[in-house]
Structure formats: C-alpha cells, structure tokens
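K.L.:
Residue numbers (full-length UniProt numbering): 1 to 315.
Dropping the structure in here first, questions after.
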Amino acid sequence: MTTQPTLEERFVGCLLGLAVGDALGAHFEGQPTAFMERKYNSARQLLHSPPPGEIWYTDDTQMAIGIAETLVRCGRIENSVLCERFAENYLPQRGYGRGARYVLEAMRAGHDHQYLAETLFPGGSFGNGAAMRVAPVGLMFRDDHPTVWREAHASSLPTHVHPLGIEGAQVLALAVALASTADELDRESFFETIAERCTADEYSGPLRRAARLDHVRDLGLFGNGIEATASVVTAIAAFGLTPESYGETIGNAILLGGDTDTIAAMAGAISGAYLGVGAIPSELLAKLEDRKQGRTYIDQLARDLYRAYEDSRAQ
Ligand code: RVK
Ligand code: MG
Ligand code: MG
C-alpha cells in the first residue's frame with residue numbers, strides 16, 4: 001500500500017510539478033503532433049530518454065512564482081503586489097506570449113499596463129497565460145471553492161481580461177484545489193464539480209466529455225493550442241487519464257505537440273498536487289535548473305505557501 005503524501009508534500013509537488021512539466025515541455029514547444037508521434041511511441045519512452053543536461057523553465061513557472069510570492073506576502077491576490085512581482089521577475093528570455101510581453105514591459109516601465117491589457121486584443125486576451133500560472137491560488141484557497149474562483153479571477157486581471165482567459169484560470173485553479181484535497185480521485189465528481197461552476201459552454205462541455213475519456217489517443221481532441229479553451233481542459237484531461245502517474249500525465253501532455261510547455265505545466269501542477277513531490281521522477285527533478293529562482297527556491301516557496309495557508313486557517 002502506498003502512503004498518502006502530506007499536505008506540505010502536495011504543495012511542493014504542485015509547484016515543482018508545474019516547473020518540471022514546463023521545463024520538459026519547453027523542449028518540444030510548437031512541434032506538430034505528427035513529429036512527436038514519430039519521435040516517441042509512448043509517454044514512458046519520452047520520460048526514459050529526456051533531453052540531455054539541465055532543463056529550463058519558461059514564463060509559465062516564472063509567473064506562477066510571482067503569484068505564490070504574492071500569496072505568501074499578502075495571504076490573497078493584492079493587485080499592486082502581484083504586478084510588482086510580475087514586473088520584477090520578468091525575464092524576456094523565458095519566452096512570453098506576444099501580448100503578455102507588451103503588458104509586462106509596460107508594467108516594468110511604470111506605464112498604463114492595465115489599459116494595454118484591456119485593448120491589445122479585442123475584449124482582452126483569451127490566451128492560456130492566466131491559467132498557466134494560477135496553480136498557487138488553487139492551493140491557498142483549496143477549502144473554499146468560491147474563493148478559489150474569485151481569487152483566480154483577480155490573478156488574471158493584470159494581463160487577461162477576456163472572460164474565456166479568466167475562466168480558464170478559474171477552471172485550472174479549481175482542478176488544483178480538488179486534486180490537493182482528494183485521497184482517491186473520483187473522476188466523475190472531480191470533472192462535474194468543475195463543470196457545474198463554469199459559465200462558458202467552451203469549458204463545461206469539454207470537461208464533461210473529459211470525465212468519460214478512456215484512451216490517450218483521444219486526448220488531442222481537447223486541443224493543444226495557446227488559447228485557454230484549447231489547452232486548459234486538455235491538461236485536466238491528461239491528469240484524469242493517469243491520476244496515479246505524474247510522469248505519464250506530463251508525458252502524454254507533451255506528446256500532443258503544440259503548446260507543450262504550458263499543457264504539461266498545468267497537468268503537472270494538478271498531478272503534483274494530488275500525488276505529492278515524491279511522485280516526480282527524481283532524474284527529472286534533478287535536471288531542473290537550480291540557480292536563483294530555480295529548484296531550491298521553488299521548493300522553499302511552496303513550503304512558505306503551505307505555512308501561509310496554515311496561518312490563514314488558524315485565524
Ligand atoms: C510563448 C485574438 C488572441 C486573443 C484575442 C492569441 C507562452 C494571440 C506560454 C496571442 C504560453 C496569444 C503562452 C497569447 C501564454 C489571445 N483575439 N487572438 N482576443 N487573445 N490571442 O499574448 O500569456 O509561450 O495570438 O495574452 O496568454 O508558454 O499572442 O499571452 O504558451 O493568443 O505564451 O496570448 O500566452 P497573450 P499569454
Ligand atoms: Mg511558456
Ligand atoms: Mg506555452
């Protein structure tokens with residue numbers, strides 16, 4: 001019998017699971033599905049022959065760090081602190097969405113970044129950038145779903161004001177909250193609890209279909225793109241297919257090609273929150289970059305977030 005992870009191990013598993021999925025996925029970002037299928041027979045094969053050397057995370061993890069730092073400092077999403085953390089952590093070489101880059105550069109320069117976020121794309125951005133970074137919100141408010149929904153909304157606004165961009169983040173945050181709470185996943189109720197809180201059919205329909213997904217070959221039907229509607233449910237579905245294995249979850253996400261760093265980051269965060277840090281293959285974790293805000297920093301940040309969560313419950 002396997003032992004259940006502690007809650008602290010789940011917090012660490014979530015943030016490191018996000019970073020490892022992001023960093024491994026980044027090697028294959030933008031590759032067509034057919035290329036991935038020719039290169040690897042299965043998720044296991046990909047995991048057993050990962051790219052050599054260190055793996056580097058991208059904007060997904062960098063911005064999740066900003067959200068976790070804000071929650072540790074404030075206990076909630078405080079817009080001014082979140083923007084300060086995003087601006088200070090911004091490193092263009094991590095690779096950002098086209099619109100997100102403009103908004104973050106305006107944030108750094110002290111310009112009206114909120115105006116840009118609202119006008120760069122019609123109705124705001126529906127990219128997956130708000131969802132890719134939201135996992136710490138799911139952990140912090142895991143006992144209170146309306147608060148998860150509200151704080152995920154708040155965490156999106158600096159860059160993503162389009163309703164579908166926001167709801168993608170809310171959906172992903174709730175998936176993390178539920179995964180961090182479940183001892184044995186009830187797939188039907190996991191997907192239904194998320195679907196019934198959705199206002200957009202673009203999420204509720206695919207979530208209900210994902211509950212019935214039983215073969216990895218159909219995972220690609222949920223999309224592999226940069227839009228929140230083409231990636232958030234895909235990541236949750238990848239977790240739902242193989243809840244017992246972190247490696248297979250991110251491996252199957254990466255085999256889809258397309259926005260591999262982000263789909264594997266989101267799937268990895270959910271899987272890590274469910275299984276705990278012990279489920280991340282140690283050879284992969286050892287490859288994750290470890291300078292400045294690398295592996296050691298993220299591990300400690302997750303533990304600090306856990307303490308902030310415990311403190312908030314004691315009040
Ligand atoms: C590079 C039309 C829209 C749109 C709208 C499209 C990183 C645009 C991460 C835009 C993730 C893109 C990803 C991304 C995260 C969005 N109308 N097109 N209303 N809203 N788009 O720029 O943070 O990889 O083509 O806000 O969401 O790893 O450039 O960035 O994969 O979606 O970027 O949206 O991107 P952005 P983001
Ligand atoms: Mg990225
Ligand atoms: Mg990406």
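All residues carry an ideal CB built from backbone N, CA and C; glycine is no exception.
Give the secondary structure of Tyr127 by DSSP, where H, G and I count as helix, E and B as strand, and everything else as coil.
P.N.:
Position 127 of the sequence shown, counting from 1, holds the residue named residue 127. Going by the sequence as given, residue 127 is Gly instead of Tyr. Three-state DSSP puts Gly127 in a strand.
K.L.:
If contacts are defined as beta-carbon pairs under 8 Å, then Ile263 and Leu256 qualify, I think. What distance do you get, rounded to the angstrom?
P.N.:
Position 263 of the sequence shown, counted from the start, is the residue given in the question as residue 263. Position 256 of the sequence shown, counted from the start, is the residue given in the question as residue 256. That belief holds up - the Cβ atoms of Ile263 and Leu256 are roughly 7 Å apart, short of 8 Å.
K.L.:
Look at the alpha carbon of Val161 and the alpha carbon of Gln31, and state the distance between them as a whole number of angstroms.
P.N.:
Here residue 161 corresponds to residue number 161 of the sequence shown, with the count starting at 1. Here residue 31 corresponds to residue number 31 of the sequence shown, with the count starting at 1. Those two C-alpha atoms are separated by around 28 Å.
K.L.:
Exposed or buried, Pro5, counting other C-beta atoms within 10 Å across all chains shown (16 or more means buried)?
P.N.:
Here residue 5 refers to the residue found at position 5 when the sequence shown is read from its first residue. So Pro5 ends up on the buried side.
K.L.:
Cutting at 6 Å between CB atoms, please list the residues of its own chain near Glu29, excluding the five before and the five after it.
P.N.:
The residue given as residue 29 occupies position 29 in the sequence shown. Answer for Glu29: Thr260, Asp261, listed in chain order.
K.L.:
Using a threshold of 9 Å, state whether the C-beta atoms of Ser180 and Leu139 are closer than that.
P.N.:
Within the sequence shown, numbered from 1, the residue matching residue 180 stands at position 180. Within the sequence shown, numbered from 1, the residue matching residue 139 stands at position 139. Yes, the pair counts as a contact, with Cβ atoms nearer than the cut-off.
K.L.:
If we call anything under 9 Å between Cβ atoms a contact, is Ile67 one with Val148?
P.N.:
As a first step, residue 67 must be located in the sequence shown, where it is residue number 67. As a first step, residue 148 must be located in the sequence shown, where it is residue number 148. Result no, Cβ atoms of Ile67 and Val148 do not sit closer than 9 Å.
K.L.:
How about the stretch 226-235 and the stretch 126-134: do they share at least three Cβ pairs that are nearer than 8 Å?
P.N.:
Yes: the two stretches touch, three or more of their Cβ pairs being nearer than 8 Å.
K.L.:
Does at least one heavy atom of ligand 2 sit under 8 Å from the Cβ of Met36?
P.N.:
Taking the first residue of the sequence shown as position 1, residue 36 is located at position 36. No; taking the cut-off as 8 Å, the Cβ of Met36 has no heavy atom of ligand 2 nearer than that.
K.L.:
How long is the line joining the alpha carbons of Ala195 and Ala117, rounded to whole angstroms?
P.N.:
Walking along the sequence shown from the start, residue 195 turns up at place 195. Walking along the sequence shown from the start, residue 117 turns up at place 117. Near 27 Å, if we compare the C-alpha coordinates of Ala117 and Ala195.
K.L.:
Helix, strand or coil for Ile55? Go by DSSP, reduced to three states.
P.N.:
For the purposes of this step, residue 55 is identified with residue 55 of the sequence shown, where counting begins at 1. Strand at Ile55.
K.L.:
Decide if Thr159 is buried, meaning its Cβ has at least 16 other Cβ atoms within 10 Å, or exposed.
P.N.:
The residue labelled residue 159 in the question sits at position 159 within the sequence shown. So Thr159 ends up on the buried side.
K.L.:
Where does Glu105 fall in DSSP's three states?
P.N.:
As a first step, residue 105 is located in the sequence shown; it is residue number 105 there, counting from the start. Of the three classes helix, strand and coil, the one that applies to Glu105 here is helix, per DSSP.
K.L.:
Find the nearest neighbour of Pro146 within the set Ala173, Gly124, Ala135, judged by alpha-carbon distance.
P.N.:
On the sequence shown, position 146 is the one that residue 146 refers to. For the residues Ala173, Gly124, Ala135, the minimum Cα distance to Pro146 belongs to Ala173.
K.L.:
What residues in its chain sit with their C-beta under 6 Å from that of Ala302, if we drop five residues either side in the sequence?
P.N.:
Start at 1 with the first residue of the sequence shown, and residue 302 comes out as number 302. Closer than 6 Å at the Cβ level, and outside the excluded window around Ala302, lie Phe11, Val12, Leu15.
K.L.:
Report the rounded CA-to-CA distance for Leu120 versus His113, giving the unit in angstroms.
P.N.:
Indexing the sequence shown from 1 puts residue 120 at position 120. Indexing the sequence shown from 1 puts residue 113 at position 113. Spanning the two alpha carbons is a distance of roughly 10 Å.
K.L.:
Under 5 Å from any heavy atom of ligand 3, by CB: list those residues in chain order, please.
P.N.:
Taking each Cβ in turn, the ones that pass are Asp259, Asp261, Thr262.
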